[in-house]
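Before any comments, here is the structure.
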Ligand code: DAK
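In our numbering, the protein residues as written are 2 to 265.
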């Protein structure tokens, strides 16, 4: 639909931002289309998402500078809210979202990748927060998520200098988990998504919630949250089957099987 493609492949799905002529820059329409695609994800079936950009050059080259340049104050606030709501929705989406970064991830592009659970990228990927060179601050969470991911010192250096970094540096500072040749990017992302999808879905979702929400708490409250979430797993069929399978294996290695978790 519109500027965003959506493809389900068994238990995983790929969301592709497809506005290649503008290097997949985020205008209001792209944000609306992304939101509509998320509305349609059937999380009873799909267990992990991949977010990528169309073409071989760019993941997302930022918020659309042409559109932003003419915004009034009220329109600017509406644009900020739309983007921030969407990015927060990706961050808290019930199932994991992997960013597969196929080129430029600048400004809003770097920011949308940081709202995903983790990032892998092509060797050609370029990251940066160029906003101060445009006379603005990062507006889709860049000051917050970059500092949390790579630490305040490195985040400040990247944001204040507005200098881009390449994939190897992004890996070194922990902004991405893995760098692969461009042609291996989607296969690698799909392999990771399928590894996630093979595990108990309710437990995976619970881990996402525990990590995300726990990071906002002090350690006493965070481990209490973990304990509460841990307890909820014991109401699931998948916990019973996962543990029963382990015990069957111990009893008789011939009984080893891959558990077909039911998401129940
Ligand atoms: N917006 C709109 N169009 C873009 C674009 C962008 N961010 N980036 C590229 N394009 C368009 C170009 O205008 C060009 O269009 P045509 O001229 O062909 O019509 C086409 O994509 C191809 O780009 P180039 O011809 O420039 O391609 P090059 O290979 O020469 O250069 C580049 C690639 C990525 C180095 C260059 O395009 C570039 O520097 N792009 C801008 C990158 C950038 O500065 N991105 C950050 C944007 S600022 C906020 C919310 C969000 C934000 C801030 C506040 N609030 C609501 C508070 C976020 C801000 C940003 O993301």
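Even glycine gets a Cβ: it sits at the ideal position worked out from N, Cα and C. No experiment lies behind these values; they were computed from the predicted model shown.
Assign residue i to buried or exposed, taking buried as 16 or more other Cβ atoms, counted over all protein chains shown, within 10 Å of its Cβ.
i, result
"residue 241", "exposed"
"residue 108", "buried"
"residue 1", "With the chain represented from 2 up to 265, any question about residue 1 goes unanswered, as that position is not in the structure."
"residue 266", "Lying before the first or after the last residue shown, residue 266 is absent from the chain, which here runs from 2 to 265."
"residue 49", "buried"
"residue 115", "buried"
"residue 1", "The structure shown does not extend to residue 1, since the chain is modelled only from 2 through 265, so no value can be given for it."
"residue 132", "buried"
"residue 25", "buried"
"residue 34", "buried"
"residue 160", "buried"
"residue 118", "buried"
"residue 70", "exposed"
"residue 75", "exposed"
Is residue i near ligand 1, going by C-beta to nearest heavy atom under 7 angstroms?
i, result
"residue 74", "no"
"residue 4", "no"
"residue 66", "yes"
"residue 108", "yes"
"residue 63", "yes"
"residue 84", "yes"
"residue 166", "no"
"residue 132", "yes"
"residue 23", "yes"
"residue 41", "no"
"residue 137", "yes"
"residue 262", "no"
"residue 80", "yes"
"residue 141", "yes"
"residue 26", "yes"
"residue 215", "no"
"residue 54", "no"
"residue 77", "yes"
Compute the minimum distance between the beta carbon of residue i and the heavy atoms of ligand 3, and state whether it is under 7 angstroms.
i, result
"residue 105", "In the structure on display, ligand 3 does not appear, and the ligands it does have are ligand 1."
Original post:
If you scan the segment 188–235 from start to end, which runs of the alpha helix (DSSP H) of 4 or more residues do you find wholly inside it?
Top reply: 202–215 and 220–233
Original post:
Which full runs of the beta strand (DSSP E) of 3+ residues lie inside the segment 89–153, going along the chain?
Top reply: 98–102, 105–107, 119–123 and 127–129
**OP:** Say whether the segment 118–125 touches the segment 237–252, bearing in mind that this needs 3 or more beta-carbon pairs closer than 8 angstroms, one atom from each stretch.
**Re:** Contact between the segment 118–125 and the segment 237–252 is not established, with fewer than three Cβ pairs separated by less than 8 angstroms.
Subject >> Three-pair Cβ contact test at 8 angstroms for the segment 160–175 versus the segment 220–228 >> reply: no
Original post:
Which residue spans inside the segment 16–84 form an unbroken alpha helix (DSSP H) run of at least 4?
Top reply: 29–41 and 66–70
Original post:
Are the segment 39–52 and the segment 87–100 touching by the rule of at least three beta carbon pairs closer than 8 angstroms?
Top reply: yes
Original post:
Does the count of Cβ pairs from the segment 99–107 and the segment 58–67 closer than 8 angstroms reach three?
Top reply: yes
**OP:** Count the CB pairs spanning the segment 9–16 and the segment 182–202 that are closer than 8 angstroms, and state whether there are at least three.
**Re:** These segments touch.
Original post:
Of all the beta strand (DSSP E) runs that stay within the bounds of the segment 149–185, which reach a length of 3 or more residues?
Top reply: 179–181
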